[in-house]
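*Asks:*
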Amino acid sequence: MRIKTKITLLTTSWLIGILLAMNVGVYFAFLNMTTDSERDWLCSRVDLLMKKASIAEFFDPGNNDLLQSYLPDHGMIRVLDASGVPVKTFYSHDELKSVPIMPVMKRQSSLVSGPVLPLLIFRNPITENDRVIGTLEFGEELDALDENISILILIQICSSLGAIVLCFLGGSIVAKWILKPITKLALTMESIERSLVFQKIHVVNKGHDEIKALAVTFNRMIDRIEESFAKQRQFVSDASHELKTPLTIIEGYASLLLRWGLEDEKSGREAAESIYSEALRMRQMTMQLLQLAASEQIAPITETVDMVQLCAETITRLRHMVQRDIQLVTKVSQLIVEADPLQMKQMLILLLDNAIKYSSDLIHVELLAQSVNAEETIGLEIRVKDHGIGIPKEELAQVFERFYRVDPSRDRKTGGTGLGLSIARNIVNMNSGTIRIKSEVNVGTEVIVFFPFRIKQ
86 MRIKTKITLL TTSWLIGILL AMNVGVYFAF LNMTTDSERD WLCSRVDLLM KKASIAEFFD
146 PGNNDLLQSY LPDHGMIRVL DASGVPVKTF YSHDELKSVP IMPVMKRQSS LVSGPVLPLL
206 IFRNPITEND RVIGTLEFGE ELDALDENIS ILILIQICSS LGAIVLCFLG GSIVAKWILK
266 PITKLALTME SIERSLVFQK IHVVNKGHDE IKALAVTFNR MIDRIEESFA KQRQFVSDAS
326 HELKTPLTII EGYASLLLRW GLEDEKSGRE AAESIYSEAL RMRQMTMQLL QLAASEQIAP
386 ITETVDMVQL CAETITRLRH MVQRDIQLVT KVSQLIVEAD PLQMKQMLIL LLDNAIKYSS
446 DLIHVELLAQ SVNAEETIGL EIRVKDHGIG IPKEELAQVF ERFYRVDPSR DRKTGGTGLG
506 LSIARNIVNM NSGTIRIKSE VNVGTEVIVF FPFRIKQ
């Protein structure tokens with residue numbers, strides 16, 4: 086069932102329930118008010134008759150004028166003796182003779198279902214010398230009440246039906262108006278599914294309701310998905326381009342090897358070396374692509390780590406591998422934090438690898454404990470500084486993008502793939518940190534990483 090139909094039926098059902106309760110309340114209120122009014126009038130007639138009539142006029146069979154003069158047009162008067170036997174009876178029509186006889190010792194009034202119409206009966210004891218000697222029954226059919234109630238019920242039925250129809254139509258219109266943005270949202274989603282073209286919902290600036298919030302959230306989600314798809318397309322395009330070059334080189338040298346390599350040992354060795362070099366480069370690029378994917382998905386597995394020791398061990402290993410002068414600078418002997426040691430080591434290796442490729446002089450790695458005061462630390466800062474060729478200022482904002490290289494020919498000479506800083510940034514983001522670069526052409530580059538780790542004393 087559609088939401089519009091549900092809203093319409095729900096509002097209509099609520100209205101029916103409210104109208105039913107109100108109509109029942111109005112019916113009984115009107116019945117009680119009218120009955121009370123008739124009862125007061127009938128009570129005054131009975132009191133007047135009791136004052137005017139003598140004992141003889143109640144019980145003398147030949148003295149009926151006074152009682153007959155009080156007989157209602159649609160009613161009855163009966164006089165009962167002490168044993169409840171009718172002494173005098175006066176009826177406006179014979180159907181009232183079936184009304185039950187009931188002698189009383191004190192005044193009573195009751196509304197009963199008469200033979201034709203509702204009947205209001207007053208029963209008043211007849212006394213003489215403080216002794217009850219009979220009962221006067223004075224009844225009147227409420228013909229006006231019955232007619233008024235019939236009109237009231239007719240009015241209630243007609244007005245209720247009209248209100249229900251109007252509520253149903255109004256509920257449909259209001260539900261359609263309220264659900265219009267949601268309908269647009271559904272149609273937009275269907276359109277995106279069919280055409281694979283991202284679309285947004287037009288948001289009216291007026292109001293701050295939930296529907297507008299839904300549309301704004303949807304538009305933000307579309308922006309992020311569109312951006313993600315664009316990055317994915319760019320990534321596939323860049324990866325294809327980067328893999329195409331070594332494959333082309335391999336194909337060319339393999340062709341050369343097939344034609345001349347078997348006869349010319351020098352050409353064969355050159356071709357084999359080039360194929361091996363490009364294969365290594367493809368392997369490195371593939372490994373870094375896998376690292377990049379892993380850095381976006383695998384959550385850090387934290388443990389207690391001494392960052393001074395971790396950095397020292399990593400620097401020592403790299404220093405021996407590349408035969409470069411890398412110096413660790415820190416004012417403390419240890420910095421104990423809760424972190425993922427594998428991710429920290431990988432990030433440091435990536436930053437140092439970048440510094441090694443684009444500089445030839447001393448590289449500094451500085452560890453700092455950022456603090457508010459002498460007792461409270463707010464995080465750990467790692468600075469990797471080289472004195473190499475540097476990066477132009479206009480390029481700094483793009484160096485973290487996948488496959489981005491300031492100078493592609495320079496990266497080809499150094500074996501770079503343009504993925505190292507992207508992987509490092511992902512690791513920093515996964516650990517709620519920040520990374521920024523300061524650089525000057527032909528002066529050097531400094532990468533500053535901050536992690537909000539709580540440093541243990």
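Start counting at 1 in the sequence shown, then tack on 85, and there's your number in the working numbering.
Each residue gets a CB set at the ideal place from its N, CA and C atoms; glycine is no exception.
Computed from a predicted model, the values in this text were never measured in an experiment.
1. Can you say whether D425 is buried or exposed, counting buried as having 16 or more other CB atoms within 10 angstroms of its CB?
2. Is S98 buried or exposed, if buried means 16 or more other CB atoms sit within 10 Å of its CB?
3. By Cβ distance below 8 Å, which residues in the same chain neighbour K89 in space, the five residues on each side in sequence not counted?
4. In the structure shown, what three-state DSSP assignment does R208 receive?
5. One question on the structure: do P477 and V528 come within less than 9 Å of each other, judged by their Cβ atoms?
6. Which class does P171 belong to by DSSP, given the choice of helix, strand or coil?
7. Work out the CA separation of E531 and D471 for me, nearest whole Å.
8. As a quick exercise: from I508, V131, Q455 and T401, pick the residue whose alpha carbon is nearest that of D410.
9. In or out: E222 buried (at least 16 other Cβ within 10 Å) or exposed?
10. Which class does R216 belong to by DSSP, given the choice of helix, strand or coil?
11. Of all the options E451, Q428, V484 and G503, which has the alpha carbon lying nearest to the alpha carbon of G518?
12. For I51, which option in E278, R368, I249 and I335 has the closest C-alpha, if you only look at C-alpha atoms?
13. Might you give, ordered along the chain, the residues of its own chain that have their beta carbon closer than 7 Å to the beta carbon of D438, omitting 5 neighbours on each side?
14. Can you list, in chain order, the residues of its chain whose CB lies under 8 Å from that of E388, leaving out five sequence neighbours each side?
15. Tell me the rounded alpha-carbon separation between L227 and D158.
16. Quick one: Cα of R487 to Cα of I421, how far?
17. Does Q284 come out as helix, strand or coil in the three-state DSSP assignment?
18. Hey, out of L181, N209 and V109, whose CA is closest to L133's CA?
19. Jot down the residue ranges of each uninterrupted alpha helix (DSSP H) in the stretch 178-203, minimum 4 residues, whole runs only, in chain order.
20. Please state the DSSP three-state secondary structure of T415.
21. Starting from S444, trace the alpha helix (DSSP H) in both directions and tell me its first and last residue.
22. Once DSSP output is grouped into helix, strand and coil, what is the label at D496?
23. I'd like to know if the stretch 150-157 and the stretch 125-139 are in contact, where contact means that at least 3 CB-CB pairs between them fall below 8 Å.
24. Cβ of L435 within 9 Å of Cβ of A509?
25. Given that a residue counts as buried once 16 or more other Cβ atoms are within 10 Å of its Cβ, and exposed if not, what is Y361?
26. Tell me where the alpha helix (DSSP H) around V422 begins and ends.
27. Spatial neighbours of C252 within its chain, please: CB distance less than 7 Å, with the 5 preceding and 5 following residues excluded, ordered by chain position.
28. Tell me which residue opens and which closes the alpha helix (DSSP H) that E531 is part of.
29. Leaving aside the five residues before and after D391 along the sequence, list all residues of the same chain whose C-beta is less than 7 Å from its C-beta, in chain order.
30. So, is N117 buried or exposed, given that buried needs 16 or more other C-beta atoms within 10 angstroms?
31. Buried or exposed, going by whether 16 or more other CB atoms sit within 10 Å of the CB of G247?
32. With a 10 Å radius around its C-beta and 16 neighbouring C-beta atoms as the bar for buried, classify I186 as buried or exposed.
33. What are the boundary residues of the alpha helix (DSSP H) that R404 is part of?
34. Closer than 6 Å by C-beta to S241: which residues in its own chain qualify, once you throw out the five before and the five after it? Chain order, please.
35. Buried or exposed for P200, going by 16 or more other Cβ atoms inside 10 Å?
*Replies:* Answer, in terms of the structure:
1. Residue mapping note: residue 425 aligns to position 340 of the sequence shown, counting from 1. D425 comes out buried.
2. As a working mapping, residue 98 is identified with position 13 in the sequence shown. Exposed: under 16 other Cβ atoms inside 10 Å.
3. On the sequence shown, residue 89 is found 4 positions in, with the first residue counted as 1. Closer than 8 Å at the Cβ level, and outside the excluded window around K89, lie S257, A260, K261 and L264.
4. Along the sequence shown, read from residue 1 onward, the residue named residue 208 stands at position 123. Three-state result, R208: strand.
5. Taking the first residue of the sequence shown as 1, we reach residue 477 at position 392. Taking the first residue of the sequence shown as 1, we reach residue 528 at position 443. Result no, Cβ atoms of P477 and V528 do not sit closer than 9 Å.
6. Here residue 171 corresponds to residue number 86 of the sequence shown, with the count starting at 1. In this structure, P171 counts as strand in the three-state DSSP scheme.
7. Counted from its first residue, the sequence shown places residue 471 at position 386. Counted from its first residue, the sequence shown places residue 531 at position 446. Between D471 and E531, the C-alpha separation is close to 6 Å.
8. The residue you call residue 410 lines up with position 325 of the sequence shown. Of the candidates I508, V131, Q455 and T401, the one whose C-alpha sits nearest the C-alpha of D410 is T401.
9. The residue given as residue 222 occupies position 137 in the sequence shown. It counts as buried.
10. As a position in the sequence shown, residue 216 is number 131, starting the count at 1. Here R216 sits in strand by DSSP.
11. In the sequence shown, residue 518 corresponds to position 433, counting from 1. Selected option, being the one with the closest Cα: Q428.
12. It is not possible to answer for residue 51, since the shown part of the chain is limited to 86 through 542.
13. On the sequence shown, position 353 is the one that residue 438 refers to. Excluding residues within five positions, the ones whose Cβ falls inside 7 Å are G505.
14. Counted from its first residue, the sequence shown places residue 388 at position 303. Sequence-distant Cβ neighbours of E388 in its own chain, meaning closer than 8 Å and more than five residues away, are E423, A424, D425 and P426.
15. The residue you call residue 227 lines up with position 142 of the sequence shown. The residue you call residue 158 lines up with position 73 of the sequence shown. Computed Cα separation, rounded: 11 Å.
16. Numbered from its first residue, the sequence shown carries residue 487 at position 402. Numbered from its first residue, the sequence shown carries residue 421 at position 336. Roughly 32 Å separates the two Cα atoms.
17. For this step, residue 284 is matched to residue 199 along the sequence shown. Taken through DSSP and simplified to helix, strand or coil, Q284 comes out as coil.
18. The count along the sequence shown starts at 1 and reaches residue 133 at position 48. Taking only the C-alpha atoms, the option nearest L133 is N209.
19. none
20. On the sequence shown, position 330 is the one that residue 415 refers to. Strand, per DSSP.
21. Counted from its first residue, the sequence shown places residue 444 at position 359. Run containing S444: none; DSSP gives neither H nor E here.
22. The residue you call residue 496 lines up with position 411 of the sequence shown. For D496, the predicted structure reports a pLDDT of 48, less than 50, and the residue's modelled location is therefore unreliable. The matter cannot be settled from this model.
23. yes
24. Counting from one through the sequence shown, the residue named residue 435 turns up at place 350. Counting from one through the sequence shown, the residue named residue 509 turns up at place 424. In contact: L435 and A509 (Cβ atoms closer than 9 Å).
25. As a first step, residue 361 is located in the sequence shown; it is residue number 276 there, counting from the start. By the neighbour-count rule (16 or more Cβ atoms within 10 Å), Y361 is not buried but exposed.
26. Position 337 of the sequence shown, counted from the start, is the residue given in the question as residue 422. No alpha helix (DSSP H) holds V422; the beta strand (DSSP E) holding it covers I421 to A424.
27. The residue labelled residue 252 in the question sits at position 167 within the sequence shown. Result list for C252: T96, T97 and L100, in chain order.
28. By 1-based counting over the sequence shown, the position of residue 531 is 446. Looking at the DSSP string, E531 is not in any alpha helix (DSSP H); the run it does join, the beta strand (DSSP E), is G529 to F536.
29. Position 306 of the sequence shown holds residue 391. Same-chain partners within the cutoff: Q419, L420 and I421.
30. If you number the sequence shown from 1, residue 117 lands on position 32. Exposed.
31. On the sequence shown, residue 247 is found 162 positions in, with the first residue counted as 1. Label assigned to G247: exposed.
32. As a first step, residue 186 is located in the sequence shown; it is residue number 101 there, counting from the start. Per the 10 Å Cβ criterion, exposed.
33. Taking the sequence shown and counting its residues from 1, one reaches residue 404 at position 319. Looking at the DSSP string, the run of the alpha helix (DSSP H) that includes R404 is M392 to V407.
34. Within the sequence shown, residue 241 is the residue found at index 156, counting from 1. Checking the displayed sequence, the identity of residue 241 turns out to be Gln instead of Ser. Hits under 6 Å: N108.
35. Within the sequence shown, residue 200 is the residue found at index 115, counting from 1. Per the 10 Å Cβ criterion, exposed.
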